[in-house]
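Enquirer:
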Amino acid sequence: MTDTPTTSRPLKVLIVGAGGFIGGFMAAESLARGYETWCGVRETTSRRRLTDPRLRFITLDYDNPDRLKEQLDGHRWDYIVYNLGATKCVNFMDFNRINYVYLRDFTEALEAAGAVPEKMVYMSSLSALGPGDERGYSPLRNDMIPAPNTRYGVSKIKAETYLQGLPKSFPWVILRPTGVYGPYEQDYLMMIKSIDAHFDFGVGFRRQMLTFIYVEDLARAAFDALERAPVHHKYIISEPRAYSQKEFRQIVARELGRRFVIPVRLPLWALSVACAVSEKWGAAKMKAMTLNTDKYHIMAQRNWSCDVSDAVRDFGFAPRVDLREGIHRTVEAYRNSKDK
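Heads up, the sequence shown is in numbering that gives the first Met the number 0, so the first residue is 0 and it goes up one at a time.
What follows is the structure, encoded as structure tokens:
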């Protein structure tokens, strides 16, 4: 039993924020399922991952609500994947603007244009929950009271709360993925490059449990949720098991053929200083830096273990790619890029 509308025509899907790392994989998954796939992009969005001739495009001006309503007018999609968002910003007020205000204006424009879909998946983040059990390492759960400790996480829970306050007629589903990795992703690529150079930098001296979701598994989860998940539910999306930093290092080193890797542990205070300096430097250069005070809180968190039983029960969530296979594919793409 699915929520898929009965129709003789191909179902239409709009992917908002299609130009990013995850968006390209969302578009590919949509095409693989036979949907008429539309990509919502800005005028300046790169389309280097959106080259399939079957893709259709609509330009959306998120900074101009009136213009946005005009652009959506006359369109109607069966499903929408809302994947637009910022994970790092020069000005931290931009988190609120991009991750919350854009979503609010987009949903209002949908309603004004009579374009509310059968279902919309909103891509949130595990960071919306904040730290969980940092002593006993019990998994993060959807029924936890959110307490985000990053500005990014605050903007995501604000967006979630907005969706929850909409009339029941607006059919949202919220996904909270853990760390997303795969070919072309940049943050985990930095870690892979470091191990390739024979160094594995970790922070803190207490055990840290990490969770991952391969980007193709996230794309499959989004479309499985569109097709089968009940509306007005939230789901954590992660590979079911957690990994230690040592396990991650060993998997990456094995794929890279690096038999000798030096683990370097930095105290949290040193990371805090490095993140603060990096953030100030980025502000001076007007450039969003990977290391910032938000990143400090993310890297300092010891427990990223997840309970995904809700997603398994409601729409059959079952990741196909474990960390070992995902790193193999990611390293292969990394090597290919080096050879070009």
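For each residue, glycine too, the CB sits at the ideal point set by N, CA and C. Only a predicted model underlies this, so the values are computations on that prediction, with no experimental measurement involved.
On the three-state DSSP scale, how would you describe Gly39?
Expert: Walking along the sequence shown from the start, residue 39 turns up at place 40. Three-state result, Gly39: strand.
Enquirer: How close, in whole Å, do the beta carbons of Ile191 and Val276 come, if the pair is a contact with beta carbons under 8 Å?
Expert: Here residue 191 is taken as the residue at index 192 of the sequence shown, counted from 1. Here residue 276 is taken as the residue at index 277 of the sequence shown, counted from 1. About 24 Å separates the two Cβ atoms, so there is no contact after all.
Enquirer: Write down the C-beta distance between Ser126 and Tyr151 rounded to the nearest angstrom, noting that I regard them as a contact closer than 8 Å.
Expert: Position 127 of the sequence shown holds residue 126. Position 152 of the sequence shown holds residue 151. At roughly 6 Å, the Cβ-Cβ gap stays under 8 Å, so Ser126 and Tyr151 are in contact.
Enquirer: Would you check if the distance between the CB atom of Arg17 and the CB atom of Gly23 is smaller than 9 Å?
Expert: Against the sequence shown, residue 17 aligns to sequence position 18. Against the sequence shown, residue 23 aligns to sequence position 24. The displayed chain sequence assigns Ala, not Arg, to residue 17. Contact flag set, yes.
Enquirer: Where does the unbroken alpha helix (DSSP H) through Asp199 begin, and where does it stop?
Expert: Reading the sequence shown from its first residue, position 200 is the one you call residue 199. It is not in any alpha helix (DSSP H) - Asp199 instead sits in the beta strand (DSSP E) that spans Phe198 to Val202.
Enquirer: Tell me whether Gln244 is buried or exposed, calling it buried when 16 or more other Cβ atoms sit within 10 Å of its Cβ.
Expert: Position 245 of the sequence shown holds residue 244. By the neighbour-count rule (16 or more Cβ atoms within 10 Å), Gln244 is buried.
Enquirer: Please list, in chain order, all residues of the same chain as Asn148 whose beta carbon is under 7 Å from its beta carbon, the five residues on each side excluded.
Expert: Position 149 of the sequence shown, counted from the start, is the residue given in the question as residue 148. Gly129, Pro130 and His296.
Enquirer: Whole angstroms is fine: what's the gap from Gly359's alpha carbon to Glu42's?
Expert: Given that the chain is displayed from residue 0 to residue 339, the structure contains no residue 359 and the question cannot be resolved.
Enquirer: Starting from the Cα of Arg257, find the closest Cα among Ile194, Val230, Thr58 and Leu290 and give me that residue.
Expert: Translated into positions along the sequence shown, residue 257 becomes position 258. Residue Ile194 is the option with its Cα nearest to Arg257.
Enquirer: Return helix, strand or coil for Asn302, following the three-state DSSP convention.
Expert: Translated into the one-based positions of the sequence shown, residue 302 becomes position 303. Three-state result, Asn302: strand.
Enquirer: DSSP has Tyr78 in a bridge; who is on the other side?
Expert: Along the sequence shown, read from residue 1 onward, the residue named residue 78 stands at position 79. The partner list for Tyr78 (beta bridge, DSSP) reads Val12 and Lys118.
Enquirer: Where do the N-terminal and C-terminal ends of the beta strand (DSSP E) with Lys233 fall, by residue?
Expert: As a first step, residue 233 is located in the sequence shown; it is residue number 234 there, counting from the start. Counting along the chain, the beta strand (DSSP E) containing Lys233 begins and ends at Lys233 to Ile236.
Enquirer: Under a Cβ-count criterion, where at least 16 other Cβ atoms within 10 Å of its own Cβ denotes burial, should Thr122 be classed as buried or exposed?
Expert: In the sequence shown, counting from the first residue as 1, residue 122 sits at position 123. Checking the displayed sequence, the identity of residue 122 turns out to be Met instead of Thr. Under this definition Met122 is a buried residue.
Enquirer: Out of Val89, Asp72, Asn95 and Arg264, which one is the CA nearest neighbour of Val115?
Expert: Here the question's residue 115 lines up with position 116 in the sequence shown. Checked all of Val89, Asp72, Asn95 and Arg264; the closest Cα to Val115 is Asp72.
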